[in-house]
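Participant: The structure that follows is given in the form of structure tokens.
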Amino acid sequence: MYPFKEIESKWQKEWDKIGLYKTPENPENKYYLLEMFAYPSGDIHIGHFRNYSIGDLVWRYKRMQGYDILHPFGWDAFGLPAEQAAIKHNMRPSEWTMSNISMARETLKKLGISYDWDREIITCLPDYYKWTQWLFLKLYEHGLVYRDYAYVNWCPSCKTVLANEQVIDGACWRCYSVVSRRKLEQWFIRITAYAERLLNDIDKIKEWPDNIRTMQRNWIGRSYGSEFLFQIEGKDLRLPVFTTRPDTIFGVTFVVIAPDHDLIDEIIKLSPNANDVSLYVERALLMSERERTFTNRPKTGIRTGLYVINPLSGERVELWVGDYVLASYGTGVVMGVPAHDQRDFEFAKRMGLNIKVVVAPSAGEFDTLSMEHAFEEPGIMVNSGEFSGLSSEEGGKRVTEYASAKGFGGFKVSYKLRDWLISRQRFWGAPIPMIHCERCGIVPVPEKELPVLLPPDDNVDFIPKGRSPLADIPKFINTICPRCGGNAHRDPDTMDTFMCSSWYHLRYLDPKNTNEPFSKENAQKWMPIDLYIGGAEHATGHLIYFRFITKFLYDIGYLPFDEPAVKLFNHGMVLDKNGEVMSKSKGNVVSPVNLMETIGVDASRVSIFFFAPPEREILWSEESVKGATRFLDRVYRVFVIHSPGTKGHSQLKDAEKPILKLLHRTIRKVKDDIENMRFNTAIARLMEFLNEYEKEEKSLSDGFRAEVSRCFAKLLAPFAPHLAEEIWQRVGDGRSIFLSRFVEYDPELAKPEKITIPVQINGKVRYRVEIETDCSKDEAISSAQENEILKKYVKDKKIKNIIWVPNRLINFVVE
RNA sequence: GCGAGAGUGGCGGAACUGGCAGACGCGCUGGACUUAGGAUCCAGUGGGGCAACCCGUAGGGGUUCAACUCCCCUCUCUCGCACCA
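Each residue of the first sequence is one higher than the one before, counting from 90 in this note's numbering.
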């Protein structure tokens, strides 16, 4: 194997010395290249390596095209695992986090990833989270932060709040007790105020993958419909009901409210069978929302004994509580129209409720009793008072207008997107900069007092006691009200780490700024991100929050753009050879360090690029690295050991023409493949070129070989940078290859003179014919017609049609 | 369950916009070189017949001169589902 160790360490030192990765201060041709930052849960694994190698490849390619690039890296350092590690290993969260960061940073440096380390950020350090808190205050200032009650998972035996991840089949992951729900007052961010823009602007981010754009659309989930108020009979309480089918309002035979609805306690109080309802609600809340909404699960429910009045028909119908209704969507109350909604139909059948047809396929045609399914399509309204006879569309509109005029309803747009709950009852996060004062109520911490420092994490008891550990640290929790100067206490919760990661890309612009999160000037210089690389698992989490915060900062004048990233690229996951996710607990983590030490950084990169297209998931296996090491060994032999050195150009010999033409075709294909993120086929092209070149090598002049070496080194440079630099040292201009310009191809040379195309008879390939490139249809057909096989198939039959696809194929359609 | 993807030789994958299915590589088989080979080089390699041909892209149907590619149905797997980041 070629001496990769010496080569790699030599060039890494050299690049460091010349400051290759430093960000230019005043970019003329800017390119902001960003990979999602890392959660430091241990050392870099092969999945990270894949992600960052993709970024590094793009950096090298773009650099050689003359771009001024910002390519930073950082750490998403707050979060649950640090606290878990603290409990498990009796370590401080900061110690665990920072030592993981040092280890991973060293690995990234050894892997030679082109980051400008001067711009590194760490979200758990005060100079960063100060500005996360600042962001929270700005959101508060603009009315986008509020407090409300929300359910959390609660383990009664550990007495702690659990993340969804910590709830396994409804039980606590540590003690296996049944997890219940507990209502807590928490902080929310009103992301729903941006729902419409987040949805509409998906049209602006055309260079994001379609699947992510579709997932975001569905996640935001806009639906147009109507809202109607159903009064509880005899009470002064009106329940708003959202529906997308106002045309079926006369078919309501029951109304169902969610067990987690805000008004549920009141309903229980009013209910004649309060005990049973209360018990039902308690049981329903043990299930996750996801379980509750499984459509193949039998829907359950309970009568409240209360009645509500249909505002349109005046009919009184039963009010039920049902677990298939979610408080978080629509109004948390649904009208049951069993004749025209399949879920309602099943519910009514199970519970013995009436089914009333109010929409018929066409006027007069309907059958009330023999229905086996709901009729969900639009049609003609029937049994609907004055609205009978109208089409669903027209009637729905009229019904809603009528309700609006009478004050018991109206048009309504509903979103699936919910407000963002950011309170976490945990230690290891950015403290929420709010103060609770007995006299003044809730008071934000003044901006000049930021950061609200997290107290030292030694001697903190992380074993949960049902509230945030910060609540039990007097030095932290007790404070003075900034408004009245009286005794007050700080908010004990910390922020969701998605808050930290929603703006980190902006801190890189200006990571040392002590006066503001980043300067507008730098934002103007570098934003938006030109290419953002990361996993698709963030589709409806980080990638929505990140867009939202960008829009918010645009609105308050901090940013000149309201979308953060022009282009998004999702790489595939790296799984082990059994198709399982790599994790420490499974012990199947593949380290790029071992790989790098046995075959080198360049061969490791080439293996992972060659394995599959970068967006595809891969099942990692060591056997596949052989192709890459053999390839680079041959490259080393042909272009380093046999290097002709820098020699002048010479007259082109006849034997050199085909290689020259192949070289230009290779340049064209490799460039095209890099630009379309098809790195596996780009490497295949280089292999093919090498195969041909090696056969002819001996008959070529030194001057020609030097020219080929220069081109090949540049084509190789994005994939195997160290080896490419080693080749370049022998044939180049004395500077780094990454300061040179990438190769261009000559379209004339890239075109082959003759091509062989298939000839089909009735769509089946029967023989082949060689034609001149770009020849005419007649020329092609005449050369194809002189053929025994064709004559055999045609015989006395007629040629009906001849299909000619230029430079592709000929198809004779016979008989 | 809902939403988003994926399924091609023994294996990873290739096939531009509907136009030669299997590029490139791994593995395997045979050979060369060699004291040796888990090194290197050469040749072969989807299946059947071993010839003309036929069959093959998860399964079933359809559109077309032509389908891995487009449409319908079914199956399997992966990711996300709001407190993992």
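Where a beta carbon is used, it is the ideal one built from N, C-alpha and C, also for glycine.
CB L879 to CB W297, shorter than 8 Å?
Facilitator: Mapped onto the first sequence, residue 879 falls at position 790. Mapped onto the first sequence, residue 297 falls at position 208. Their beta carbons are not under 8 Å apart, which means L879 does not touch W297 by this criterion.
Participant: Which residue from W243, A519 and V534 puts its Cα closest to that of C526?
Facilitator: For the purposes of this step, residue 526 is taken as residue 437 along the first sequence, with counting starting at 1. Ranking W243, A519 and V534 by Cα distance to C526 puts V534 first.
Participant: Please name the residue in I338, D325, Q320 and V410 whose C-alpha comes closest to that of N362.
Facilitator: Locating residue 362 in the first sequence gives position 273, where the first residue counts as 1. Minimum Cα distance to N362 is reached at V410.
Participant: Select from R857, D863, E861 and T862 the residue whose C-alpha is nearest the C-alpha of N900.
Facilitator: The residue you call residue 900 lines up with position 811 of the first sequence. That would be R857, whose Cα lies nearest to the Cα of N900.
Participant: Check whether the Cβ atoms of P617 and F635 sit closer than 8 Å, and answer yes or no.
Facilitator: Walking along the first sequence from the start, residue 617 turns up at place 528. Walking along the first sequence from the start, residue 635 turns up at place 546. The answer is no: Cβ separation not under 8 Å.
Participant: Distance check for N443 and A437, CA to CA, integer angstroms please.
Facilitator: Residue 437 sits at position 348 when you count from the first residue of the first sequence. Residue 443 sits at position 354 when you count from the first residue of the first sequence. Whole-angstrom Cα-Cα distance: 7 Å.
Participant: For N890, which residues does DSSP report across the bridge?
Facilitator: Residue 890 sits at position 801 when you count from the first residue of the first sequence. Checking the DSSP bridge columns, you'll see N890 partnered with V902.
Participant: Would you identify the three-state DSSP class for A494, choosing helix, strand or coil?
Facilitator: Within the first sequence, the letter at position 405 stands for residue 494. Note: A494 maps to helix in three-state DSSP.
Participant: With respect to the alpha helix (DSSP H) encompassing R705, which residues constitute its N-terminal and C-terminal limits?
Facilitator: By 1-based counting over the first sequence, the position of residue 705 is 616. Unbroken run through R705: none, as it is neither H nor E.
Participant: With three or more C-beta pairs closer than 8 Å as the rule, is the stretch 172-191 touching the stretch 106-116?
Facilitator: no
Participant: Can you give me the Cβ contacts of Y238 inside the same chain, cut-off strictly under 6 Å, excluding the 5 residues immediately before and after it?
Facilitator: Walking along the first sequence from the start, residue 238 turns up at place 149. Only K272 and E274 meet the Cβ criterion.
Participant: With H, G and I counted as helix, E and B as strand and the rest as coil, what does DSSP make of T639?
Facilitator: For the purposes of this step, residue 639 is identified with residue 550 of the first sequence, where counting begins at 1. Helix at T639.
Participant: Please state the DSSP three-state secondary structure of Y150.
Facilitator: In the first sequence, counting from the first residue as 1, residue 150 sits at position 61. Of the three classes helix, strand and coil, the one that applies to Y150 here is helix, per DSSP.
Participant: Grab me the residues of T603's own chain with a C-beta within less than 8 Å of its C-beta, minus the 5 sequence neighbours each way, in chain order.
Facilitator: Translated into positions along the first sequence, residue 603 becomes position 514. Cβ neighbours of T603 beyond the five flanking positions: D216.
Participant: To the nearest angstrom, how far is it from the Cα of V366 to the Cα of T393?
Facilitator: Within the first sequence, residue 366 is the residue found at index 277, counting from 1. Within the first sequence, residue 393 is the residue found at index 304, counting from 1. So the two alpha carbons sit approximately 6 Å from each other.
Participant: Using three-state DSSP, classify G155 as helix, strand or coil.
Facilitator: Within the first sequence, residue 155 is the residue found at index 66, counting from 1. Coil, per DSSP.
Participant: Taking the alpha carbon of D585 as the reference point, which residue from P520, G574, F607 and I870 has its own alpha carbon closest?
Facilitator: Position 496 of the first sequence, counted from the first residue, corresponds to residue 585. Closest by alpha carbon: P520.
Participant: Considering E783, what are the terminal residues of the alpha helix (DSSP H) in which it resides?
Facilitator: What you label residue 783 is simply residue 694 of the first sequence in a count that begins at 1. Taken as a continuous stretch (DSSP letters only), the alpha helix (DSSP H) holding E783 covers F768 to E785.
Participant: Could you please give me the residues that DSSP links to Y621 through a beta bridge?
Facilitator: One-based indexing of the first sequence puts residue 621 at position 532. L123 and L657, per the DSSP bridge assignment.
Participant: Would L328 pass as a contact of I338 if the rule is Cβ separation under 8 Å?
Facilitator: For the purposes of this step, residue 328 is taken as the residue at position 239 of the first sequence. For the purposes of this step, residue 338 is taken as the residue at position 249 of the first sequence. Going by C-beta atoms, L328 is not nearer than 8 Å to I338.
Participant: Please classify V894 as buried or exposed, where buried requires at least 16 neighbouring CB atoms within 10 angstroms.
Facilitator: On the first sequence, position 805 is the one that residue 894 refers to. Exposed: under 16 other Cβ atoms inside 10 Å.
Participant: So which of W517, Q222, G468 and P847 has the shortest CA-CA distance to R897?
Facilitator: Counted from its first residue, the first sequence places residue 897 at position 808. The residue with the shortest Cα to Cα distance from R897 is P847.
Participant: Which residues does DSSP pair with R857 in a beta bridge?
Facilitator: Taking the first sequence and counting its residues from 1, one reaches residue 857 at position 768. P847, per the DSSP bridge assignment.
Participant: Would you mind working out which of V727, V268 and L804 sits nearest E781, comparing C-alpha positions?
Facilitator: Looking up residue 781 in the first sequence gives position 692. E781 has its Cα closest to that of V727, out of V727, V268 and L804.
Participant: Closest by CA to A416, which one among R379, P400, P427 and R386?
Facilitator: Residue 416 sits at position 327 when you count from the first residue of the first sequence. Among R379, P400, P427 and R386, the Cα nearest to that of A416 is on R379.
Participant: Which partner residues of W509 appear in the DSSP bridge assignment?
Facilitator: Walking along the first sequence from the start, residue 509 turns up at place 420. According to DSSP, which records beta bridges pairwise, W509 is partnered with I278.
Participant: Quick one: what's S480 bridged to in DSSP?
Facilitator: Sequence index remark: in the first sequence, residue 480 carries index 391 (1-based). Its beta-bridge partners are I469.
Participant: Can the beta-carbon of G163 be found closer than 8 Å to that of Y647?
Facilitator: Stepping through the first sequence from its first residue, residue 163 is reached at position 74. Stepping through the first sequence from its first residue, residue 647 is reached at position 558. Cβ distance not < 8 Å, so G163 and Y647 don't count as in contact.
Participant: DSSP on C529, reduced to helix/strand/coil?
Facilitator: The count along the first sequence starts at 1 and reaches residue 529 at position 440. DSSP places C529 in coil when its eight states are reduced to three.
Participant: Excluding five sequence neighbours on each side, which residues of the same chain lie with their C-beta closer than 7 Å to the C-beta of N890?
Facilitator: Within the first sequence, the letter at position 801 stands for residue 890. V902.
Participant: With distances taken from CA atoms, which of K843, S557 and V471 is nearest V250?
Facilitator: Translated into positions along the first sequence, residue 250 becomes position 161. Looking at the Cα atoms, S557 is the closest of the given residues.
Participant: What first and last residue would you give for the beta strand (DSSP E) that runs through W308?
Facilitator: Stepping through the first sequence from its first residue, residue 308 is reached at position 219. First-last for W308: D299 to I309, but that is the alpha helix (DSSP H), not the beta strand (DSSP E).
Participant: Answer with buried or exposed for P703, where buried requires no fewer than 16 other C-beta atoms within 10 angstroms of its C-beta.
Facilitator: Translated into positions along the first sequence, residue 703 becomes position 614. Buried, since its Cβ has 16 or more Cβ neighbours within 10 Å.
Participant: Classify M187 as helix, strand or coil using the three-state DSSP reduction.
Facilitator: Locating residue 187 in the first sequence gives position 98, where the first residue counts as 1. Note: M187 maps to helix in three-state DSSP.
Participant: Would you kindly work out how many angstroms separate the C-alpha atoms of G421 and L352, rounded to a whole number?
Facilitator: Here residue 421 corresponds to residue number 332 of the first sequence, with the count starting at 1. Here residue 352 corresponds to residue number 263 of the first sequence, with the count starting at 1. Roughly 10 Å separates the two Cα atoms.
Participant: Measure the beta-carbon distance from I622 to G136 and round it to whole angstroms, keeping in mind my assumption that it falls under 8 Å.
Facilitator: Within the first sequence, residue 622 is the residue found at index 533, counting from 1. Within the first sequence, residue 136 is the residue found at index 47, counting from 1. I622 to G136, Cβ: 13 Å. No contact.
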